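Student: Dumping the structure here so I can ask a few things about it.
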Amino acid sequence: MNEVLMQETKTEDPAVTEQEEAPRKKRFHLPKGKKGRKWMKILVVLVVVAAVVVGCVAQTRKSVNSQLGSSYLVDTVQRRDLTVAVSGTATLEPADSYNVTTLVSGEILSAPFEEGDHVEKDTLLYTLDNSDAQNSMDRANISVEQAQLNYQQALEMRSPTVPISGVISEVYVHNGDTVSSGTALAKVVSSTELTIDFMFPYTAADTFYIGQPASVFVGDFEGSVAGTVVSISDTQVVTSNGMQASSVRVKLTNPGVVSDSFTASASIGGYASYGNASVHMSGVETVYATGSGTVTGFEKLAGSNVTKGEVLCTVDSESIRDQIQNAKLNLETAQLSSQTAADTVDDYNIKSPISGEVIEKNFKAGDKVEGVSSGNLAVIYDLSYLKLEMNVHELDIGKVEVGQKVRITSNAREGEEYIGVVDKISINGTTANGATNYPVTIVIEDYGDLLPGMNVSAQIIGEEVPDVLTVPVEAVDRDGTVLVPGPGAMSEDGTTVADPSKIEKREVTVGRNDDQYIEVTDGLSEGDTILILNQASTLMQTMMGG
Numbered sequence: 007m008n009e010v011l012m013q014e015t016k017t018e019d020p021a022v023t024e025q026e027e028a029p030r031k032k033r034f035h036l037p038k039g040k041k042g043r044k045w046m047k048i049l050v051v052l053v054v055v056a057a058v059v060v061g062c063v064a065q066t067r068k069s070v071n072s073q074l075g076s077s078y079l080v081d082t083v084q085r086r087d088l089t090v091a092v093s094g095t096a097t098l099e100p101a102d103s104y105n106v107t108t109l110v111s112g113e114i115l116s117a118p119f120e121e122g123d124h125v126e127k128d129t130l131l132y133t134l135d136n137s138d139a140q141n142s143m144d145r146a147n148i149s150v151e152q153a154q155l156n157y158q159q160a161l162e163m164r165s166p167t168v169p170i171s172g173v174i175s176e177v178y179v180h181n182g183d184t185v186s187s188g189t190a191l192a193k194v195v196s197s198t199e200l201t202i203d204f205m206f207p208y209t210a211a212d213t214f215y216i217g218q219p220a221s222v223f224v225g226d227f228e229g230s231v232a233g234t235v236v237s238i239s240d241t242q243v244v245t246s247n248g249m250q251a252s253s254v255r256v257k258l259t260n261p262g263v264v265s266d267s268f269t270a271s272a273s274i275g276g277y278a279s280y281g282n283a284s285v286h287m288s289g290v291e292t293v294y295a296t297g298s299g300t301v302t303g304f305e306k307l308a309g310s311n312v313t314k315g316e317v318l319c320t321v322d323s324e325s326i327r328d329q330i331q332n333a334k335l336n337l338e339t340a341q342l343s344s345q346t347a348a349d350t351v352d353d354y355n356i357k358s359p360i361s362g363e364v365i366e367k368n369f370k371a372g373d374k375v376e377g378v379s380s381g382n383l384a385v386i387y388d389l390s391y392l393k394l395e396m397n398v399h400e401l402d403i404g405k406v407e408v409g410q411k412v413r414i415t416s417n418a419r420e421g422e423e424y425i426g427v428v429d430k431i432s433i434n435g436t437t438a439n440g441a442t443n444y445p446v447t448i449v450i451e452d453y454g455d456l457l458p459g460m461n462v463s464a465q466i467i468g469e470e471v472p473d474v475l476t477v478p479v480e481a482v483d484r485d486g487t488v489l490v491p492g493p494g495a496m497s498e499d500g501t502t503v504a505d506p507s508k509i510e511k512r513e514v515t516v517g518r519n520d521d522q523y524i525e526v527t528d529g530l531s532e533g534d535t536i537l538i539l540n541q542a543s544t545l546m547q548t549m550m551g552g
């Protein structure tokens with residue numbers, strides 16, 4: 007049917023058919039003549055190039071397969087000495103470091119150190135101008151003194167004290183009495199010695215002599231008290247009634263009841279003194295109440311001995327207690343302000359908080375600093391030892407103990423090995439991607455030419471296990487199995503896998519391991535062949551489309 011239709015089409019319009027066929031011939035056929043031969047040559051060249059490319063790819067694949075070998079590596083179970091170790095990398099740090107900063111501002115007056123200097127802890131690094139802070143501290147100290155005085159006075163209101171040591175000569179109040187500020191409580195004399203100046207009318211001064219006995223009559227007391235002449239006037243004096251008289255001073259011991267309110271007369275060498283003379287006491291103090299309240303605890307009597315500062319009694323009231331509390335609070339506030347001012351002054355003396363080496367000095371005498379905005383004034387490293395913090399996987403942390411030896415190497419010091427020791431194991435782990443790492447601090451005391459900031463590799467040396475059956479770590483799968491060749495799996499020479507379908511899995515029991523090998527305690531014997539999946543070969547075959 008189709009052939010009939012095509013014939014009919016050609017028959018109906020031959021002209022049109024020839025015109026349409028011409029382009030089709032150009033589209034699918036090479037031109038005749040010189041142009042045809044030219045296109046033929048190009049086509050041949052393209053075919054040759056394509057063949058070369060395909061050949062190169064095949065040769066490359068063959069070469070790669072030849073280099074990587076089989077998809078399985080062949081190994082045997084062997085006895086080896088294992089050293090259980092945990093490896094990692096970290097960056098070296100100094101034993102301690104400190105960035106010297108300041109919170110205060112001012113001009114630097116002195117900075118007596120340089121980069122590279124070794125400084126001890128509390129060494130003065132910078133002295134700043136502290137004149138304003140010093141003035142503030144002085145004012146704060148004055149406030150403390152005033153507050154201390156007010157507090158002491160408040161305490162005196164409740165507990166009046168004796169101002170001098172001596173004897174109570176008079177008592178003015180008793181327990182239960184209510185007193186107000188200014189009320190006299192008692193009189194205290196500091197000495198038992200009394201002195202009295204007597205006048206002897208119409209008697210020459212040379213009538214008396216120093217040390218001469220005297221009989222003294224005090225007040226209205228019966229009898230006399232023995233005294234002694236201690237001084238005689240050089241000239242005569244005139245009494246109030248116009249008589250010429252000599253003045254004689256007599257000293258005597260207070261019988262315990264005499265005060266400066268008493269008067270006395272005397273008889274010396276048969277001469278009687280004129281009138282009554284006042285008794286003079288060398289030290290007399292009256293104790294007054296300084297607050298209003300009720301007297302309690304007053305147990306002293308006239309004639310009782312007292313010492314300076316001794317509490318005489320208690321004068322108590324709510325008002326006095328309130329004044330004491332307020333005075334105490336004011337004192338504490340003043341003391342805190344004084345301490346703050348003193349600390350501020352001390353802030354202008356910047357000291358080294360650690361012993362170490364100055365690795366940076368950023369300011370010098372004459373420079374001005376503006377508090378924390380000035381940044382680090384200096385940087386100090388304690389280089390007594392170096393340390394590093396290595397992250398250890400949760401599966402290995404049980405192998406690490408404080409005190410274990412650590413081998414340290416660095417690309418910056420190629421060929422050199424240093425020995426460190428595990429100093430601390432932190433239980434503050436960091437979890438990422440379903441696994442936790444724990445920081446282990448390692449200390450290197452003999453660090454030679456190593457410097458802070460260098461990157462190092464560390465191997466923590468654990469248990470040493472001699473002569474045990476081992477296989478490569480990568481030979482053991484996560485499920486505790488290894489690959490072994492079954493019957494007919496290996497080539498005749500036993501070096502390659504001939505039939506991967508005959509490879510078998512075998513369960514094993516493993517023990518300790520190092521970075522390369524793991525102990526096998528059950529499931530394999532010495533000399534057994536094991537197979538390890540060649541990851542590199544498998545990856546390359548996948549890339550090459552194998």
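Note that our numbering has the sequence shown beginning at 7, numbered continuously upward.
Where a beta carbon is used, it is the ideal one built from N, C-alpha and C, also for glycine.
Remember, it's a predicted structure, so these values are computed and weren't measured experimentally.
Please report the straight-line C-alpha distance between residue 360 and residue 433, rounded to a whole angstrom.
Tutor: C-alpha separation (whole angstroms): 28 Å.
Student: If you draw a straight line from the alpha carbon of residue 398 to that of residue 441, how long is it in whole angstroms?
Tutor: Each residue's Cα considered, the two are about 11 Å apart.
Student: Measuring CB to CB, does residue 268 end up less than 7 Å from residue 312?
Tutor: Taking 7 Å as the Cβ cut-off, residue 268 and residue 312 do not qualify as a contacting pair.
Student: Between which two residues does the beta strand (DSSP E) harbouring residue 3 extend?
Tutor: The question about residue 3 has no answer here: the residues shown for the chain are numbered 7 through 552.
Student: Less than 6 Å between C-beta atoms, sequence neighbours within five positions excluded: which residues of the same chain meet that for residue 373?
Tutor: For residue 373, where only same-chain residues beyond five positions count, the Cβ hits under 6 Å are 114.
Student: Using the beta-carbon count (16 or more within 10 Å), is residue 303 buried or exposed?
Tutor: It counts as exposed.
Student: By the three-class DSSP mapping on this structure, what secondary structure does residue 162 have?
Tutor: Correct three-state label for residue 162: helix.
Student: Less than 7 Å between C-beta atoms, sequence neighbours within five positions excluded: which residues of the same chain meet that for residue 418?
Tutor: Same-chain partners within the cutoff: 460.
Student: Going by Cα to Cα distance, which pick from 126, 476, 301, 275 is closest to residue 533?
Tutor: The shortest Cα separation from residue 533 among 126, 476, 301, 275 belongs to 476.
Student: Within the same chain, show all residues whose beta-carbon is closer than 8 Å to that of residue 425, passing over the 5 residues directly before and after it, in chain order.
Tutor: Excluding positions up to five away in sequence, the list reads 411, 412, 413, 414, 450, 452.
Student: In the DSSP assignment, find the beta strand (DSSP E) that holds residue 86 and state where it starts and stops.
Tutor: First-last of the beta strand (DSSP E) with residue 86: 84-97.
Student: For residue 96 versus residue 394, is the C-beta distance shorter than 7 Å?
Tutor: For residue 96 and residue 394, yes; Cβs fall inside 7 Å.
Student: Report the CB separation of residue 386 from residue 132 in whole angstroms; it is logged as a contact under 8 Å.
Tutor: Their Cβ separation, rounded to whole angstroms, is 13 Å, which puts residue 386 and residue 132 out of contact at 8 Å.
Student: Report the residue from 179, 390, 189, 405 whose alpha carbon sits nearest the alpha carbon of residue 470.
Tutor: Minimum Cα distance to residue 470 is reached at 405.
Student: Would you call the stretch 270-288 in contact with the stretch 129-143, where contact means no fewer than 3 C-beta pairs closer than 8 Å?
Tutor: No, they do not touch.
Student: May I ask you to report which of helix, strand or coil DSSP gives residue 426?
Tutor: Looking at residue 426 - three-state DSSP - the assignment turns out to be strand.
Student: Apart from the five residues just before and just after residue 150, which ones in its own chain have a Cβ nearer than 7 Å to its Cβ?
Tutor: Once the five neighbours on either side are set aside, the close Cβ partners of residue 150 are 340, 341, 344.
Student: Below 7 Å CB to CB, which residues in the same chain sit around residue 203 once its five sequence neighbours on both sides are set aside?
Tutor: For residue 203, where only same-chain residues beyond five positions count, the Cβ hits under 7 Å are 253, 255, 283.
Student: Using CA atoms only, rank isn't needed, just tell me which of 388, 447, 516 is closest to residue 531.
Tutor: The candidate whose alpha carbon is nearest that of residue 531 is 516.
Student: Tell me which same chain residues have a C-beta within less than 6 Å of the C-beta of residue 260, skipping the five on either side of it?
Tutor: 198, 200, listed in sequence order.
Student: Verify whether the separation of the beta carbon atoms of residue 1 and residue 168 is less than 7 Å.
Tutor: Since the displayed the chain opens at 7 and closes at 552, residue 1 lies outside it and no answer follows.
Student: Below 7 Å between beta carbons: does that hold for residue 166 and residue 335?
Tutor: Taking 7 Å as the Cβ cut-off, residue 166 and residue 335 do not qualify as a contacting pair.
Student: Give a yes or no on whether the C-beta atoms belonging to residue 525 and residue 474 are separated by under 7 Å.
Tutor: Yes, they are a contact pair.
Student: Among 112, 323, 192, whose alpha-carbon lies nearest the alpha-carbon of residue 163?
Tutor: Minimum Cα distance to residue 163 is reached at 323.
Student: Which class does residue 359 belong to by DSSP, given the choice of helix, strand or coil?
Tutor: Residue 359: coil per DSSP, three-state reduction.
Student: Are the CB atoms of residue 230 and residue 175 within a distance shorter than 7 Å?
Tutor: Contact: no.
Student: Rounded C-beta distance between residue 108 and residue 375? I'm assuming under 8 Å.
Tutor: Yes, they are in contact, since the Cβ atoms of residue 108 and residue 375 sit about 6 Å apart, within 8 Å.
Student: Would you tell me roughly how many angstroms separate the C-alpha atoms of residue 235 and residue 206, rounded to the nearest one?
Tutor: Roughly 13 Å separates the two Cα atoms.
Student: For the putative contact between residue 328 and residue 102, defined by C-beta atoms under 8 Å, what is the C-beta separation to the nearest angstrom?
Tutor: 53 Å between Cβ atoms; not a contact.
Student: Which residue spans inside the stretch 314-355 form an unbroken alpha helix (DSSP H) run of at least 4?
Tutor: The stretch 314-355 contains these whole alpha helix (DSSP H) runs: 324-353.
Student: Using CA atoms only, rank isn't needed, just tell me which of 270, 349, 491, 100 is closest to residue 80.
Tutor: Ranking the options by Cα distance to residue 80, first place goes to 491.
Student: What residue does the beta strand (DSSP E) around residue 112 start on, and which one ends it?
Tutor: Element bounds for residue 112: 111-116.
Student: Rounded to a whole number of angstroms, what is the C-alpha to C-alpha distance between residue 505 and residue 495?
Tutor: Rounded to whole angstroms, residue 505 to residue 495 spans 5 Å at the Cα level.
Student: With burial defined as no fewer than 16 other Cβ atoms inside 10 Å of the residue's Cβ, what is the status of residue 610: buried or exposed?
Tutor: The requested residue 610 does not occur in the structure, where the chain is confined to residues 7 to 552.
Student: Comparing alpha-carbon positions, which option in 501, 455, 363, 512 lies nearest residue 483?
Tutor: Here the closest residue by C-alpha is 512.
Student: Can you check DSSP and say which residues form a bridge with residue 286?
Tutor: DSSP lists 201 as partners of residue 286.
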